[in-house]
Amino acid sequence: MSNKFIVVEGSEGVGKSYQIKIIERYLIDNKIDYILTREPGGTNFGESIRDIILNDDNNTEELTDSLLFYASRYENYKKIILPALDAGKTVVCDRYHYSTLVYQGIVGNNSSVKAIHEIFDAIYSKMIDHIIYLYTTPKESFKRISKRSVTDKFESRGLSYLEDLSNAYELVFNGMKNITKIDTSEDKNITKDNLIKSLDKIFKKK
Ligand SMILES: Nc1ncnc2c1ncn2[C@@H]1O[C@H](COP(=O)(O)OP(=O)(O)O)[C@@H](O)[C@H]1O
Ligand SMILES: [Mg+2]
0 MSNKFIVVEG
10 SEGVGKSYQI
20 KIIERYLIDN
30 KIDYILTREP
40 GGTNFGESIR
50 DIILNDDNNT
60 EELTDSLLFY
70 ASRYENYKKI
80 ILPALDAGKT
90 VVCDRYHYST
100 LVYQGIVGNN
110 SSVKAIHEIF
120 DAIYSKMIDH
130 IIYLYTTPKE
140 SFKRISKRSV
150 TDKFESRGLS
160 YLEDLSNAYE
170 LVFNGMKNIT
180 KIDTSEDKNI
190 TKDNLIKSLD
200 KIFKKK
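Using numbering that gives the first Met the number 0, the first residue of the sequence shown is number 0, and each one after it goes up by one.
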C-alpha cells in the first residue's frame with residue numbers, strides 16, 4: 000500500500016472536518032502512517048496567516064486574501080506536505096488551492112486570482128492522488144453553519160454566497176479525474192459508507 004496525498008474539498012458546513020475524523024480512523028485502523036494538515040494553516044506561520052484572513056475586521060481585498068492563502072500554502076507544501084510524502088506518509092489536507100480558486104477567483108470574480116491558479120496549479124495538483132469533494136445543498140450548509148456559535152468571515156456571508164460557492168465548486172470539479180464526490184445531505188452512516196468505499200479504492204484494498 001503506497002502512501003497517498005488526499006485533499007478534502009468543499010463549501011462551508013459540508014462536513015469536511017467531520018469526515019476527516021472518519022478518514023483518520025480509517026488510516027489508524029489500517030495502520031497507515033499519516034499526517035493531517037489544513038489550509039490555511041499547517042505551519043505556525045500558516046496558522047498566524049489563518050487568523051488574519053479569517054478575521055472579519057480585516058476588510059481585505061480578494062487578491063490580498065489570495066496572496067496570503069498562497070503564502071501560507073507554499074510554506075505548508077514545502078515544510079509539511081512534501082517532507083511527509085517523501086518520508087512515505089499519507090497526507091490528508093483539509094482544503095487546498097481549489098478553495099482559493101473557488102472563493103476568491105470565481106465567486107470573488109477576480110481574474111488575477113484565476114491567473115495565479117493557472118500558474119500554481121501545475122505545482123500543487125501534481126502531487127495529489129485523490130480529491131474527496133464533499134457536497135450538500137446550500138440550504139443544508141446554511142442550516143448547519145447557523146448552528147455554530149462562532150462563525151468566520153466566509154461562513155457569515157449568507158445563503159446566496161453559499162449558492163455561489165456550491166456552483167463554483169461544481170464548475171471546478173465537474174469532469175476532473177481522481178475525484179470522488181460524496182453527498183453529505185443524507186444520513187451520516189450513508190456518507191460514511193460511501194467514504195469508506197472510496198478510501199478502499201484509493202488504497203486499493205478492494
Ligand atoms: N452526512 C454528514 N456528513 C458530515 N456532516 C454532517 C452530516 N450530516 C450532518 N452533518 C453535520 O454537519 C456539520 C458539518 O460541519 P463540519 O464538518 O465542520 O463542516 P466543514 O468542515 O465542511 O465546514 C456537523 O455539525 C455535522 O454533525
Ligand atoms: Mg471544517
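Backbone N, C-alpha and C define an ideal beta-carbon position, used for all residues, glycine too.
For clarity, every value in this text was computed on a predicted model and none was experimentally measured.
| query | Going by alpha carbons, who is nearest to GLY157 out of LYS3, CYS92, ILE5 and SER10? | reply | Stepping through the sequence shown from its first residue, residue 157 is reached at position 158. Comparing Cα-Cα distances from GLY157 to each of LYS3, CYS92, ILE5 and SER10, the minimum goes to SER10.
| query | Any heavy atom of ligand 1 within a distance shorter than 6 angstroms of the CB on GLY174? | reply | Translated into the one-based positions of the sequence shown, residue 174 becomes position 175. No, the Cβ of GLY174 stays beyond 6 angstroms of every heavy atom of ligand 1.
| said: Considering only their Cβ atoms, is the gap separating LYS30 from ASP128 smaller than 7 angstroms? | reply: The residue given as residue 128 occupies position 129 in the sequence shown. The residue given as residue 30 occupies position 31 in the sequence shown. Cβ atoms of ASP128 and LYS30: not closer than 7 angstroms.
| query | Which runs of the beta strand (DSSP E) spanning at least 3 residues fall entirely within the segment 67-132, listed in chain order? | reply | 89-93
| task | Pull up the DSSP beta-bridge partners for GLU8, would you. | result | To locate residue 8, count along the sequence shown from 1; it is residue 9. Looking at the DSSP output, GLU8 sits in a beta bridge with TYR132.
| Three-state secondary structure (DSSP) at SER182? | Position 183 of the sequence shown, counted from the first residue, corresponds to residue 182. Note that residue 182 is Asp in the sequence shown, not Ser. Note: ASP182 maps to strand in three-state DSSP.
| said: In the DSSP assignment, the alpha helix (DSSP H) including ILE201 goes from what residue to what residue? | reply: The count along the sequence shown starts at 1 and reaches residue 201 at position 202. Start and end: 187-201.
| Contact test: ARG24 Cβ vs ligand 4 heavy atom, cutoff 6 angstroms | Ligand 4 is not among the ligands present in this structure, which contains only ligand 1 and ligand 2.
| said: Shorter than 6 angstroms, the distance from the beta carbon of GLU162 to the closest heavy atom of ligand 1, or not? | reply: The sequence position of residue 162 within the sequence shown is 163, counting from 1. No - ligand 1 has no heavy atom lying nearer than 6 angstroms to the Cβ of GLU162.
| Quick one, are the C-beta atoms of VAL13 and THR183 less than 7 angstroms apart? | Residue 13 sits at position 14 when you count from the first residue of the sequence shown. Residue 183 sits at position 184 when you count from the first residue of the sequence shown. In this structure, THR183 lies closer than 7 angstroms to VAL13 by Cβ.
| Under three-state DSSP, which class holds ARG37? | Within the sequence shown, numbered from 1, the residue matching residue 37 stands at position 38. Strand, per DSSP.
| field | Status (buried if at least 16 other CB within 10 Å, exposed otherwise) for LYS15 | value | As a first step, residue 15 is located in the sequence shown; it is residue number 16 there, counting from the start. So LYS15 ends up on the buried side.
| task | Assign ASN41 to one of two classes, buried (16 or more other C-beta atoms within 10 Å of its C-beta) or exposed (fewer than that). | result | Position 42 of the sequence shown, counting from 1, holds the residue named residue 41. Looking at the sequence shown, residue 41 is not Asn but Gly. Looking at its Cβ environment, which holds 16 or more other Cβ atoms inside 10 Å, GLY41 is buried.
| field | Residues surrounding ligand 2 [beta-carbon distance to nearest heavy atom under 5 angstroms] | value | Working through the chain, the matches are LYS15 and SER16.
| Residue of ALA70, ASP55, LYS20 and THR190 minimising C-alpha distance to TYR134 | Sequence index remark: in the sequence shown, residue 134 carries index 135 (1-based). The residue with the shortest Cα to Cα distance from TYR134 is THR190.
| So is the beta-carbon of GLU11 under 6 angstroms away from any non-hydrogen atom of ligand 1? | Here residue 11 refers to the residue found at position 12 of the sequence shown. A heavy atom of ligand 1 is found nearer than 6 angstroms to the CB of GLU11.
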